[in-house]
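Only one structure is covered here, and it is reproduced in the block below.
In our numbering, the protein residues as written are 5 to 632.
Right, here's the structure in full:
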C-alpha cells in the first residue's frame, strides 16, 4: 500500500513540477526571448511611429458633467498629435531647456517646456552585470520611442476660459540651477491674466520627489481650479510575462484595497475610476516603478486608463483633488509626491511584524500598504520572512549566496523535529523490509491479505507509511518562497555568489552542451529545442546530490516506482537548469544536508546506511543470463 502511495505521490509531484515549469517558465521565457529579439531589431532599425503628446488641459474625470456643473469635463487626457518618427532620447532632451537632477541614486532633468519630469536614469542600476553597461532608464520625453513621464498642475473648472499652462508652456526657473537633495528648485509661469503659477520641487537622496504648487490670483475675478497629477506611458511596455508577477497599473486605493490592472486588462476596460481617501497609484515594472503619493487625507478622483491615439496605445494613472476657489488677492496651494525608482524593500518599506527597521516610505509617510508595490504575492506570509532572513544574513556576510546557504540550514533546524520523526519512521520501514518481503512469499496471490498483514506490522512497529512524504512536502513552501524572492526583489538582481555566478536571479550561465564555453556556440538559440539545452554546472551538481539522496534508500521492489526514482534526478536536473541559480544552489545544498541528516538518523536508529552499497550496485556489472 505504501509503495503504491509513494509511487502515486512521486508521479503527481513530478507532473506538477513539469506542468508548472512549462507554464510559468518555459512559455514566458519563449515570449520574452521573442520580445527581446523584436526590441533589438527596432533599436537597430527604428521604424516611424505615431508618438502622441498628453495634455494636462483636462481632468481625470471620464464622465461628462451635468448641466451647470463646475467639474472639469475630461481628464488630463490624451490628445491627438501629428504622427512623427521617434527621435533619439538625447535629441528630445536637448530640444528643451532643462533643470538637472543630481542625487546619489538619480540623474536626469526636468523640462521647462511643460514642466514635466520626463528624464530619469537610475545611476546605481545597470542594464547588465557589467558596471560599465548603460544605467537603467526610467523616464523618457514625449517624442522618443518610449515616452514615460510624470506631470503635475491645475485644471480649470468646466465652462471657464482661464488660460492654463499645458505641455507647451515655457516655465521660468528661479533660484538654484540644479535639483539636489540639499537644493530644491522653483519654476514660475505667469498667464498674463492675473494668475501666477509657482512650483517648488524637492528630492531626497533616494527616489522621492515632493512637489508644491502655488497659484496667486491678482486678476479681476475669483477662479476655481482643481489640482491634478498623472503618470503617462506611451506604447505597450515589454513585460516578463510571468503569471506570478504583476506588471502594469497598480494602486492601493483606500477601502477598495489593492487594485492591479495588467496592460491587457486595462486595454479591455478602457478606463476605471475610483473615489478614495488615503490612496496611492502608479505603474510598476518587475524592478522599477513610478507612483503618485498624494497626502493621505486628500480626497481623490483616481483613474487608470488606456487610450489608442493613432497606432500608439497610451496608459495613464492620474488623480484629481477637490477644487480650490482662489479669491482675488488670494493664493491656492497643492502638495504632491512622486516615487520614481527601484523597488528596494528598505526604501519602499516592508509591512511585517519584527520588521520595523524596514518601514521605508510606507512608515515614514504614513502610506497605505505601499509595501505592496513589491509583488510579494498571495503567500506573502511566507515570502516576506524568507526575504527578511536572507537580508539579515546578507548584512552579516555581504553575499546573498552565502545567505541562501545559511537560511537553508536555519530552515533545516526549524523543521528538524518533524524531519527527525519522518526519517526515523523511514528507518523503521527499512528495518522491516525483510518482514514485508516474507509476506509476499507467504501470500503470493492474495494482495488483500498482504495489505492486512503489512498494516499490522506498521501498527506494531509504530510506523507511519506516509512519513517519507513529509520532507518533500516541507520543501515545497520553502522552495516557492525562495523562488518568489529571487524573482521579484531587486536586491537579488545582479547579486553575485562565487566563481562564475554573477547573478543569483539568473540561470547558471555555463552550459554542458558547449563544453562550458570551449565550443563558441550557444545551444539555447537552436529553434524549438534551444530552451531545453541549457544545463550549467550548478544544475548538474543539484542532480548529482538528488541522485545520492535517492540512493540513500533501498531499491524499491516495484519496477514502476524504481523507474520513476531512477529518472527523477535527471528530469529535475533539466527542469531546474533554467531556474535562477540561487534556487538551484539552495536545492543542491538542501539535498546534501538531507543526505547527512537522514544518514545520521538512520544510524541512530540502528539501521544500516546503504548509500555506498546502492551506488556500487548501480555501476556493478550485471551477471549474464544463462542460456537454456
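Where is the CB? At the ideal position from N, CA and C, for every residue including glycine.
Bridge partner(s) assigned by DSSP for residue i
i, result
"residue 220", "200, 335"
"residue 176", "192"
"residue 210", "In DSSP, residue 210 forms no bridge with anything."
"residue 512", "In the DSSP output, where bridge partners are listed per residue, residue 512 has none listed."
"residue 254", "264, 286"
"residue 279", "305"
"residue 330", "227"
"residue 3", "Outside the shown range of the chain, which is 5 to 632, sits residue 3, and nothing can be said about it."
"residue 184", "187"
"residue 237", "152, 319"
"residue 157", "232"
Where residue i falls, given that 16 or more other Cβ within 10 Å makes a residue buried
i, result
"residue 58", "Any answer about residue 58 is weak, because its pLDDT of 37 lies below 50 and its placement is not dependable; what the coordinates show is given next. Answer is buried; the Cβ neighbour count reaches 16."
"residue 390", "buried"
"residue 38", "Because residue 38 carries a pLDDT of 44, less than 50, the predicted location of this residue cannot be relied on, and the following value inherits that uncertainty. The residue in question, residue 38, is exposed, as its Cβ has fewer than 16 Cβ neighbours within 10 Å."
"residue 607", "exposed"
"residue 574", "exposed"
"residue 171", "buried"
"residue 525", "exposed"
"residue 180", "exposed"
"residue 333", "exposed"
"residue 196", "exposed"
"residue 1", "For the chain, the structure presents residues 5 to 632; residue 1 sits outside this window and is missing."
"residue 79", "Any reading at residue 79 needs caution, since the residue's pLDDT is 49, under 50, leaving its predicted position unreliable; the model's value is listed next. Classification for residue 79: buried."
"residue 412", "buried"
"residue 199", "buried"
"residue 113", "buried"
"residue 259", "exposed"
"residue 445", "exposed"
"residue 417", "exposed"
"residue 270", "buried"
"residue 397", "buried"
"residue 273", "exposed"
"residue 420", "exposed"
"residue 539", "buried"
"residue 551", "buried"
"residue 268", "exposed"
"residue 502", "exposed"
"residue 542", "buried"
"residue 362", "buried"
"residue 213", "buried"
Where the beta strand (DSSP E) containing residue i begins and where it ends
i, result
"residue 308", "303 to 313"
"residue 133", "Taken as a continuous stretch (DSSP letters only), residue 133 belongs to no beta strand (DSSP E), as it is neither H nor E."
"residue 322", "316 to 325"
"residue 115", "110 to 115"
"residue 106", "102 to 106"
"residue 461", "Residue 461 -> not in any beta strand (DSSP E); alpha helix (DSSP H) instead, spanning 451 to 465."
"residue 139", "139 to 143"
Cβ distance (whole Å) where residue i is taken to contact residue j below 8 Å
i, j, result
"residue 345", "residue 586", "Incorrect: roughly 24 Å between the Cβ atoms, too far for contact."
"residue 126", "residue 143", "Not confirmed; about 10 Å, so no contact."
"residue 335", "residue 219", "7 Å"
"residue 645", "residue 327", "What the structure shows of the chain is the stretch from 5 to 632, and residue 645 is not part of that stretch, so it cannot be assessed."
"residue 217", "residue 337", "7 Å"
"residue 340", "residue 215", "4 Å"
"residue 377", "residue 288", "6 Å"
Range of the contiguous alpha helix (DSSP H) that encloses residue i
i, result
"residue 445", "437 to 446"
"residue 393", "384 to 401"
"residue 163", "No alpha helix (DSSP H) holds residue 163; DSSP gives it neither H nor E."
"residue 3", "Residue 3 lies beyond the residue range present for the chain, which begins at 5 and ends at 632; the question has no answer from this structure."
"residue 366", "364 to 368"
"residue 543", "541 to 555"
"residue 349", "349 to 352"
"residue 598", "585 to 608"
"residue 378", "Looking at the DSSP string, residue 378 is not in any alpha helix (DSSP H), and its letter there is neither H nor E."
"residue 247", "Residue 247 -> no alpha helix (DSSP H), and no H or E assigned at all."
"residue 97", "93 to 98"
Short CB-CB distance (under 7 Å) between residue i and chain C
i, result
"residue 303", "No chain C is part of this structure, which consists of one protein chain only."
| Is the number of C-beta pairs between the stretch 143 to 156 and the stretch 95 to 113 that are closer than 8 Å three or more? | yes
| With a cut-off of 8 Å, do at least 3 Cβ pairs link the stretch 281 to 294 to the stretch 195 to 210? | no
| Three CB pairs or more closer than 8 Å across the stretch 485 to 501 and the stretch 239 to 257 | yes
| Taking contact to mean at least 3 C-beta pairs separated by less than 8 Å, is the stretch 263 to 273 in contact with the stretch 304 to 314? | yes
| Counting pairs of beta carbons, one from the stretch 129 to 141 and one from the stretch 224 to 231, are three or more of them closer than 8 Å? | no
| field | Inter-stretch contact at 8 Å, needing at least 3 Cβ pairs: the stretch 103 to 122 / the stretch 156 to 175 | value | yes
| Given 8 Å as the limit, is there contact between the stretch 526 to 542 and the stretch 380 to 388, that is, 3 or more CB pairs closer than that? | no
| message | Below 8 Å, how does it come out for the stretch 350 to 365 and the stretch 443 to 458: are there three or more Cβ pairs, yes or no? | response | no
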